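Peer 1: Got a structure here, written out as C-alpha cells. Questions coming.
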Amino acid sequence: MKTKTKFLLAMAVIASCVMLFSCSEDDPAELTLLSLTANGIDLNGATTPNNVPTNAVIVATFSTAVNPTTAEANIILTRDYDDAIVPLDVEVAGNVITITPTAPFGTGTLFSLSLAPGLASTEGKTIAPADRTFTTEGTFAVAGAIAHWTFEDNANDVIGTFDPAANQIVGITYVNSRNAASGKAASFNGTTSIIEVSNGSALMNNGDWTLSFWVNASSVDKTTGHFVMGLGAFYGFQFEIAGDYSNCKLAASYAHTKEANGTTSEDLWFPGDGKDRNNGGWQGWDFVRDLSTSGGVANLLKDKWAHVVCMYNATTKQGVMYINGQRMKSQDFDLWPDGDAKRFVTGLKYRGVAPEVVNELAFGFIQSRAGTLWDAEPWGGYDQTTANHFKGLMDDVIIYHKTLSEAEIGLMYNSGKP
C-alpha cells in the first residue's frame, strides 16, 4: 500500500513538473521597456533630463519583439505648454522602436512621452502604461520656426539650413548669455563684426511672419546707432536702434495686390511717446505704448538684455512689436487712406535690386558686405568707421512663417529673461 501511494505521489510530481515546463514554454514573455534614449541621453532614469537636442531621435528598446501595427497609435508625444500632440515617424525593428519627430523640437520645451497599454508584443502581451518627460536644451521657444540661431560657439541655424559659411563670419566671439540656460551669445565689436546668411529672401514670407530675438546693445564707446540686423535694408527687412536709444524700428518691404508684383515699404517704428493715430501719430498707428514717465525706449534697450518680437498678421493686416513680453506698438494697414498701396498689403517680400543689395541676411549690420546701398554715407557703408555697426550681444534669433500668441511671447520672455 505504501509503495502504491509513493508511486502515485511521484507521478503527480512528475505531472506537475511537466505542466509547469509546458506552461513556461507556451506562456508569452512580458513586454517591458528596457531603455529609452534621445541621442544617447537617458530618458528612463530617475531624473528628468533638460538637455535633449532639438533634433533628437528617440530610441526605445523592449524585452521582446513589438507588434508594428500597435506602435504608432500607442506612442504619444505631447508638448507641455499647449498640450499639442507632436507628429511622429515610428519605425519598429524587432524589439527596438525608433521615434523621430517630423519637425525639430522647440528649445527649452517640456515634453511627455506616453506608452499606452495598446502597445503589444508580437505574441500579444501588452505593456503596462508608462510616461516619461524631458526638456529640450536652451530657453523656451515656440515650435514651428523656419530658422533659429542660438550662437552656441557657432553661428549655425539649429533647426533649418541657414548656416553661414566660414568666410561669412567676421569679428565674432561667443560669450556667456543672459542666464545659464541660454548658454552662449554672439558678441559684436561695433566696427567689423558681421554674420552673413545666404538665401535670406527665403526667410521672408508673403503671409504671416514673426522675428524674435534677444539683444543687448552696448553704449560703451559708442555714439552712433545700432544696425542690429538687415536683409538688404528696407529692400527686405532691417531692425535698428537709434544712437540715443530714443526709438527702434523694423523697416520692411511688403507685397501688395494693387498692381502686379507690387511692393511697398513701411516702418514698424516705436518712439515710446504714446502718440497713436488719434493724438499726433501716423495714420495707421492704432497703439503706441507711452514710456515717457519710465525712462523711454532707452530704459528697455540701453546696456541691458531685451527680448524683441516683431510680427505681421496677414489676416488682420496688423504689424505688432513686443519688447520684454509687452505689446509696445501696433499698426493697422487697413487704416491707411483709400487707394494707398498699404491697404492691399499681403505680407513681407524681398525686393532686392542687384547690385545695390545682395540676398544675404546680415547680423550686426543693415546689409551684407557685398551690398553697395549707402556705401558713401558715413553711417551706412560697412567700411566706414563711423557706420552704425551693432555693438553688443545677440542671442536666439528665430524666424517663423506664422504669428505667435501673446501668451507664447510671454512664455518666451519669462523663460529666457536674465
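Residue numbers (the working numbering): -12 to 405. Note that beta-carbon positions come from the ideal geometry of N, C-alpha and C, so glycine has one too. Note that the coordinates shown come from a computational prediction; the quantities given were computed from them, not determined experimentally.
Along the alpha helix (DSSP H) that carries GLY397, what are the first and last residues, could you check?
Peer 2: In the sequence shown, the residue the question calls residue 397 occupies position 410. Run containing GLY397: 393 to 403, per the alpha helix (DSSP H) assignment.
Peer 1: Taking C-beta to C-beta, are MET315 and ARG276 nearer than 8 Å?
Peer 2: Position 328 of the sequence shown holds residue 315. Position 289 of the sequence shown holds residue 276. Result yes, Cβ atoms of MET315 and ARG276 sit closer than 8 Å.
Peer 1: Would you kindly work out how many angstroms separate the C-alpha atoms of ASP208 and ASP231, rounded to a whole number?
Peer 2: Residue numbering aside, residue 208 sits at position 221 when the sequence shown is read from its first letter. Residue numbering aside, residue 231 sits at position 244 when the sequence shown is read from its first letter. For ASP208 and ASP231, the distance between alpha carbons rounds to 13 Å.
Peer 1: Residues in its own chain within less than 8 Å of THR96 by CB, not counting five upstream and five downstream?
Peer 2: Numbered from 1 along the sequence shown, position 109 holds the residue referred to as residue 96. Hits under 8 Å: ARG66, ASP67, TYR68, THR122, THR123, PHE127, ALA128, ALA130.
Peer 1: Applying the 10 Å Cβ sphere with the 16-neighbour rule, what's the burial state of ILE146?
Peer 2: Translated into positions along the sequence shown, residue 146 becomes position 159. ILE146 should be labelled buried.
Peer 1: If we ignore side chains and look at the alpha-carbon of each, how far apart do THR280 and GLU227 end up?
Peer 2: Along the sequence shown, one-based indexing puts residue 280 at 293. Along the sequence shown, one-based indexing puts residue 227 at 240. Distance between the alpha carbons of THR280 and GLU227: 23 Å.
Peer 1: Can you tell me the Cα-Cα spacing of MET381 and THR333, whole angstroms?
Peer 2: Mapped onto the sequence shown, residue 381 falls at position 394. Mapped onto the sequence shown, residue 333 falls at position 346. Rounded to whole angstroms, MET381 to THR333 spans 30 Å at the Cα level.
Peer 1: For my contact list, LEU102 and ILE156 are in at a C-beta cut-off of 8 Å; report their separation, rounded to the angstrom.
Peer 2: For this step, residue 102 is matched to residue 115 along the sequence shown. For this step, residue 156 is matched to residue 169 along the sequence shown. Wrong, their Cβ atoms sit about 44 Å apart, outside the cutoff.
Peer 1: What span of residues does the beta strand (DSSP E) with ALA47 cover, start to end?
Peer 2: Sequence index remark: in the sequence shown, residue 47 carries index 60 (1-based). Where ALA47 is concerned, the enclosing beta strand (DSSP E) stretches over 45 to 49.
Peer 1: For ASP370, which option in ARG356, GLY379, LYS378 has the closest C-alpha, if you only look at C-alpha atoms?
Peer 2: Here residue 370 corresponds to residue number 383 of the sequence shown, with the count starting at 1. The candidate whose alpha carbon is nearest that of ASP370 is ARG356.
Peer 1: Starting from ALA58, trace the alpha helix (DSSP H) in both directions and tell me its first and last residue.
Peer 2: Stepping through the sequence shown from its first residue, residue 58 is reached at position 71. Where ALA58 is concerned, the enclosing alpha helix (DSSP H) stretches over 58 to 61.
Peer 1: Per the DSSP calculation, SER174 is bridged to which residue(s)?
Peer 2: The sequence position of residue 174 within the sequence shown is 187, counting from 1. Per DSSP, THR160, LEU380.
Peer 1: Would ALA16 and THR51 be called neighbours here (beta carbons separated by less than 8 Å)?
Peer 2: On the sequence shown, residue 16 is found 29 positions in, with the first residue counted as 1. On the sequence shown, residue 51 is found 64 positions in, with the first residue counted as 1. Going by C-beta atoms, ALA16 is nearer than 8 Å to THR51.
Peer 1: Please give me, in chain order, every unbroken run of the beta strand (DSSP E) with length at least 3 that falls completely inside the region 55 to 125.
Peer 2: The qualifying runs are 62 to 66, 75 to 80, 83 to 88, 97 to 102, 117 to 122.
Peer 1: Suppose contacts are defined by Cβ-Cβ distances below 8 Å. Is TRP323 in contact with GLY271 by that definition?
Peer 2: Taking the sequence shown and counting its residues from 1, the one referred to as residue 323 is at position 336. Taking the sequence shown and counting its residues from 1, the one referred to as residue 271 is at position 284. Yes; because the gap between Cβ atoms is below 8 Å, this pair is in contact.
Peer 1: Does the beta-carbon distance from LEU30 to THR24 come in below 8 Å?
Peer 2: Position 43 of the sequence shown, counted from the start, is the residue given in the question as residue 30. Position 37 of the sequence shown, counted from the start, is the residue given in the question as residue 24. Closer than 8 Å, so yes.
Peer 1: Let me confirm a value: SER392 is counted as buried when at least 16 other C-beta atoms fall within 10 Å, else exposed. Which label applies?
Peer 2: For the purposes of this step, residue 392 is identified with residue 405 of the sequence shown, where counting begins at 1. Result: exposed.
Peer 1: From GLN313 to GLY397, what distance separates their C-alpha atoms?
Peer 2: Within the sequence shown, numbered from 1, the residue matching residue 313 stands at position 326. Within the sequence shown, numbered from 1, the residue matching residue 397 stands at position 410. In a straight line, the C-alpha of GLN313 is about 8 Å away from that of GLY397.
Peer 1: In its own chain, which residues sit with a C-beta less than 8 Å from the C-beta of LYS112, not counting the 5 before and 5 after it?
Peer 2: Position 125 of the sequence shown holds residue 112. Cβ within range, chain order: PRO15, ALA16, GLU17, LEU18, THR51.
Peer 1: My understanding is that PHE200 touches VAL384, with C-beta atoms under 8 Å, so please give their C-beta distance in whole angstroms.
Peer 2: The count along the sequence shown starts at 1 and reaches residue 200 at position 213. The count along the sequence shown starts at 1 and reaches residue 384 at position 397. With 8 Å as the limit, PHE200 and VAL384 qualify as a contact, their Cβ atoms being about 4 Å apart.
Peer 1: With a threshold of 7 Å on Cβ separation, who are the neighbours of PRO342 within its own chain once the five nearest residues in sequence on each side are excluded?
Peer 2: Position 355 of the sequence shown holds residue 342. So the list reads THR359, once near-sequence residues are dropped.
Peer 1: Rounded to whole angstroms, how far is the Cβ of THR211 from the Cβ of ASN375, which I believe are closer than 8 Å?
Peer 2: Counted from its first residue, the sequence shown places residue 211 at position 224. Counted from its first residue, the sequence shown places residue 375 at position 388. Confirmed, Cβ separation roughly 5 Å.
Peer 1: Would you call GLU246 buried or exposed, if buried means 16 or more other Cβ atoms sit within 10 Å of its Cβ?
Peer 2: Translated into the one-based positions of the sequence shown, residue 246 becomes position 259. Looking at its Cβ environment, which holds fewer than 16 other Cβ atoms inside 10 Å, GLU246 is exposed.
Peer 1: How about ALA173 and PHE149: are their beta carbons less than 8 Å apart?
Peer 2: The count along the sequence shown starts at 1 and reaches residue 173 at position 186. The count along the sequence shown starts at 1 and reaches residue 149 at position 162. No, they are not a contact pair.
Peer 1: Under 8 Å by Cβ, that's how I've got LEU348 and TRP196 pegged, so tell me the actual separation to the nearest angstrom.
Peer 2: Taking the sequence shown and counting its residues from 1, one reaches residue 348 at position 361. Taking the sequence shown and counting its residues from 1, one reaches residue 196 at position 209. Incorrect: roughly 14 Å between the Cβ atoms, too far for contact.
Peer 1: Quick one: residues in its chain with C-beta nearer than 8 Å to the C-beta of ASP140, no 5 flanking neighbours on either side, listed in chain order?
Peer 2: Taking the sequence shown and counting its residues from 1, the one referred to as residue 140 is at position 153. Result list for ASP140: TYR161, LYS171, in chain order.
Peer 1: Of the choices TYR337, LEU75, ALA328, GLY105, whose alpha-carbon is the least far from that of ALA189?
Peer 2: Within the sequence shown, residue 189 is the residue found at index 202, counting from 1. Ranking the options by Cα distance to ALA189, first place goes to TYR337.
Peer 1: Looking at GLY351 and ILE182, is the spacing between their C-beta atoms short of 8 Å?
Peer 2: Here residue 182 refers to the residue found at position 195 when the sequence shown is read from its first residue. Here residue 351 refers to the residue found at position 364 when the sequence shown is read from its first residue. Against a cut-off of 8 Å, the Cβ pair of GLY351 and ILE182 comes out as a contact.
Peer 1: Measuring CB to CB, does GLY283 end up less than 8 Å from GLY267?
Peer 2: Translated into the one-based positions of the sequence shown, residue 283 becomes position 296. Translated into the one-based positions of the sequence shown, residue 267 becomes position 280. The answer is no: Cβ separation not under 8 Å.
Peer 1: Run through DSSP, which three-state label would GLN354 get?
Peer 2: As a working mapping, residue 354 is identified with position 367 in the sequence shown. Under the three-state reduction of DSSP, GLN354 is assigned to coil, being neither helix nor strand.
Peer 1: Any heavy atom of the ligand FMN closer than 7 Å to the beta-carbon of ASN82?
Peer 2: For the structure depicted, the ligand FMN is absent and the ligand set is empty, with no information on it obtainable.
Peer 1: Determine the closest residue to PHE87 out of ALA328, ALA115, VAL79, VAL44, with distance taken between C-alpha atoms.
Peer 2: In the sequence shown, counting from the first residue as 1, residue 87 sits at position 100. It should be pointed out that residue 87 corresponds to Thr in this sequence rather than to Phe. Comparing Cα positions, the closest option is VAL44.
Peer 1: Are the Cβ atoms of PHE224 and ALA239 separated by less than 8 Å?
Peer 2: Within the sequence shown, residue 224 is the residue found at index 237, counting from 1. Within the sequence shown, residue 239 is the residue found at index 252, counting from 1. Yes.
Peer 1: Between HIS243 and ALA328, what straight-line distance do the alpha-carbon atoms span, to the nearest angstrom?
Peer 2: For this step, residue 243 is matched to residue 256 along the sequence shown. For this step, residue 328 is matched to residue 341 along the sequence shown. Computed Cα separation, rounded: 7 Å.
Peer 1: In angstroms with no decimal places, state the Cα-to-Cα distance between GLY339 and LEU218.
Peer 2: Here residue 339 is taken as the residue at index 352 of the sequence shown, counted from 1. Here residue 218 is taken as the residue at index 231 of the sequence shown, counted from 1. Between GLY339 and LEU218, the C-alpha separation is close to 9 Å.
Peer 1: Return the CA-CA distance between MET407 and ILE114, expressed in angstroms with no decimal places.
Peer 2: The question about residue 407 has no answer here: the residues shown for the chain are numbered -12 through 405.
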